[in-house]
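A quick write-up on the structure given underneath.
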């Protein structure tokens, strides 16, 4: 994968057009400046022909008009924290970065809405909202560096999805520019809208294949008054999963319910990331939030449900620093998993909530059968589990073994009526599996819709479907 | 409006095809049997050519294949509780009723999902879910008689939308048959899915113009342990709206926040529907739900916020019968509003939450200016207000005055950055206003998408956009 074409993919005239439209640092051509725009947090790479970084709507409109006329592929790119190659310019083309479209245009305490450009970082919006007593719930793991535009393009989830839903649940409307430069507005700042087809939901999660969102109107909530976290360890994975199931059935709705399996515990221990009692087979991590007056009784109820399933450790944190300490293992996990090996093939499958235990078993089986490590963790509440197949690609047959384990897991997940991606999207990484999950008729319809938005196929070609 | 064509719109051969495909009572042709299928809860009417009531997927597939080949318009119809003419066969065609597709196929306590056919009544699903300790939150006003399929086709909202969202937030996936008989599956029983375009959200709210949903997979929540209701009256409308705003800003998230204006109070009083202290200018009705241990402190907090705004009455109900009594005025309101006049022109506009007060003022102004009654009430939490322009169409110029008031309100709502429909959809009733709200580019895209699903335009033609 990868190409060394560089700016040679564009004619002199085309380069000049981009230079005129994007003055100074807004356009990049030299390979040493553009190559960093050829990758993302996964390990895919392709050399861009050029990178443009618009700062105005008009620039976006003009470049999309030009690209359609000239049939130049455009690859929208936000902060590139995605891990599936979603914004890699495979096949060659111009990278369209939203880096300079980074203004928070409005934060409205009475409407409970924010209007932002796509390049605004998720955490910056969260901090600004909190200063006003407001709350933007979606919190993908990359929240500190990812952007709202990228979150919307991939319909990013995160830890709090079990209670609060995913990014798409907070996008009330958007302005978006289509190939050819046409600009549409969909939805708006109302919390309910029953007029016309829901194009906003169609654009959310479309992985930049339909249009470039230039402005997003987001729903905000009141900031919860208080929160608390609980970490519980169990000697048997089954007991841990049973405990989580009992919590849901009781009517408690935690903001987050995270799970880490035996291998994950092993990683954390060998990385020295935290103290975990011997004989712990799985960890559960809960976050509760809500009104202060409720929280104590909810903590009590949650502790009671967990105790009934015999944890070998149970800690509760109610201050920010206590909470932070309990979340430490979860945050340390991804880096810690490299203690088992230098390479990782990662899947973010989702199964129906009742099948999480089976999915975890099958991920572990797939690792074992193929002689590699399967580290399993994730968002238990919505059935979204991350599986890192850790291996050493330099070892004989290891990369193939990881690939084989991934295929086996994909089949098992589909058998459990799950999906091959809960929040990362398809990008390039999951393309080989898509046709296993989606029937021909659905793919035909999706391609028909793509054709309506992007008749010449210039926007993020080769991704998603 | 209306046509007397009856079965004459179909050839003998076409009628025979339908008779063969739909044995016995599944097909209706005589006008005295079909006319009831020509209307809905609004006052639109058109005589169907015939009514077919499939009970199997295969019948749906065959009739959609046939209709496309023969270019016969098909009008999907669920329980027809919509008030905008959404399923009226204007222009002539065959009504496709989902009445016999009424099975709850699955209720899963571990996955927190239900799989239902479109004709299942909303309340039946709710009752069955509650028996298992589960909860299906969407509760449009017509919940007792409306169906899940109709709710999904219109993305129906309801009282609890402020906390729990609308129907679309609970549709995880569907099976749907397209014109031509093609069948797609979109989404599934997972709570998160990032693979492919979100066709489920596109079908939800499409008012039956794209496909016929034959199976819906719904997300369920755990049943809340307890609930309570509060009714507060205020001498000044402004104080009431301020009180509601203060509640939201405090971080409390009630399941419902309903509002009734001065005219609404007047209707209720003249209908003798309930006791309301003299000098009450507006009523607020709250429902809280959640864990039993939280509820008391939330009631206390809510009462405190309301008292700060000087209500002239405040009642709290915690048992089912006490709660029911407090909700009585809200339920009595629609029938009671006819005490002001025999005819009603009703809008369900939605504005940004912070503009609700202005929208209510403008609705009242529009009524006053045109010499008719404007009864304003609705779902304050999400800015969705219902305005009934009550008049007597037999009086000179009254019908015109109501129409003029509606147009004035539509302009005002759009000026406030609202939408002309929060939950009823467009159907026939709102068609005249659509192009004021949606820009040309968006309409073009919607029509392009319609073309992908329904190239010959046979499904619910003339509706929505």
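Protein chains in written order, with this note's numbering: chain A, 24 to 488; chain B, 24 to 488.
We put the beta carbon where it would ideally sit given N, CA and C, even for glycine.
Treat the numbers as computed from the prediction; the structure is a model and nothing was measured.
Secondary structure remark: continuous beta strand (DSSP E) runs of at least 3 residues inside the region 370-454 of chain B, in chain order: 396-402 and 407-414. For residue 256 of chain B, the beta-bridge partners assigned by DSSP are B/306 and B/336. Runs of the beta strand (DSSP E) lying entirely within the region 50-131 of chain A, each at least 3 residues long, are 73-75, 97-100, 117-120 and 127-131 in chain order.
For residue 434 of chain B, no chain A residue has a C-beta closer than 9 Å to its own C-beta; the minimum C-beta separation is roughly 15 Å.
Per the coordinates, the alpha-carbon of residue 445 of chain A lies some 51 Å from the alpha-carbon of residue 35 of chain B. Using a 10 angstroms sphere on the CB of residue 70 of chain A, the tally of other CB atoms reaches 16 or more, which defines it as buried.
Linking residue 99 of chain B to residue 121 of chain B through their CA atoms gives a straight-line distance of about 8 Å.
A distance below 8 Å between beta-carbons, with the five flanking residues on each side excluded, links residue 123 of chain A to the following residues of its chain, in chain order: 49, 76, 77, 78 and 142. Residue burial annotation: residue 214 of chain A is buried, with at least 16 other C-beta atoms found within 10 angstroms of its C-beta. Leaving aside the five residues that flank residue 96 of chain B on each side, the residues in its chain whose CB is nearer than 6 Å to its CB run, in chain order, 116, 481 and 484. Looking at the DSSP output, residue 279 of chain A bridges to A/310. Per the coordinates, the alpha-carbon of residue 378 of chain B lies some 24 Å from the alpha-carbon of residue 455 of chain B. The Cβ atoms of residue 375 of chain B and residue 134 of chain A lie closer than 8 Å to each other.
Proximity of the region 326-344 of chain A to the region 380-392 of chain A falls short of the contact definition, fewer than three beta-carbon pairs being nearer than 8 Å. The beta-carbon of residue 469 of chain B is placed less than 8 Å from the nearest beta-carbon of chain A. Within the model, the alpha-carbon separation for residue 37 of chain A versus residue 51 of chain A is close to 13 Å. At least one CB atom of chain A sits nearer than 8 Å to the CB of residue 324 of chain B. The residues 232 and 233, in chain order, have a CB closer than 7 Å to that of residue 473 of chain A in the same chain once the five nearest residues on each side in sequence are set aside. Separation of the CB atoms of residue 197 of chain A and residue 261 of chain A is rounded to 44 Å, and the pair is thereby denied contact status at 8 Å. Residue 238 of chain B: member of the beta strand (DSSP E) spanning 235-242, first to last residue.
Residue 449 of chain A has a beta carbon lying within less than 8 Å of a beta carbon in chain B. Neighbours of residue 407 of chain A in chain B, taken as residues whose beta carbon is under 7 Å from its own, are 215 in chain order. Here residue 180 of chain B is buried. Its C-beta has 16 or more other C-beta atoms within 10 Å. Leaving aside the five residues that flank residue 158 of chain B on each side, the residues in its chain whose CB is nearer than 7 Å to its CB run, in chain order, 152, 243, 244, 245, 246 and 247. By the beta-carbon neighbour count (other beta carbons within 10 angstroms, threshold 16), residue 409 of chain B is buried.
For residue 169 of chain B and residue 65 of chain A, the gap between their C-alpha atoms comes out near 47 Å. For the pair residue 360 of chain B and residue 301 of chain B, the Cα-to-Cα distance works out to about 19 Å. Here the alpha carbon of residue 217 of chain B sits roughly 16 Å from the alpha carbon of residue 182 of chain A. Apart from the 5 residues on each side of it in sequence, residue 138 of chain A sits with its Cβ closer than 6 Å to the Cβ of 128, 129 and 240 in its chain, given in chain order. Pairing residue 280 of chain B with residue 404 of chain B gives a Cβ-Cβ distance under 8 Å. Between residue 149 of chain A and chain B, the shortest Cβ-Cβ separation is not below 8 Å. As a beta-bridge residue in DSSP terms, residue 197 of chain B pairs with B/209 and B/239.
The C-alpha of residue 132 of chain A is placed about 24 Å away from the C-alpha of residue 371 of chain B. Between the alpha carbons of residue 367 of chain A and residue 254 of chain A lies a distance of about 26 Å. For residue 144 of chain B and residue 83 of chain A, the gap between their C-alpha atoms comes out near 47 Å.
At least one CB of chain A lies nearer than 8 Å to the CB of residue 317 of chain B.
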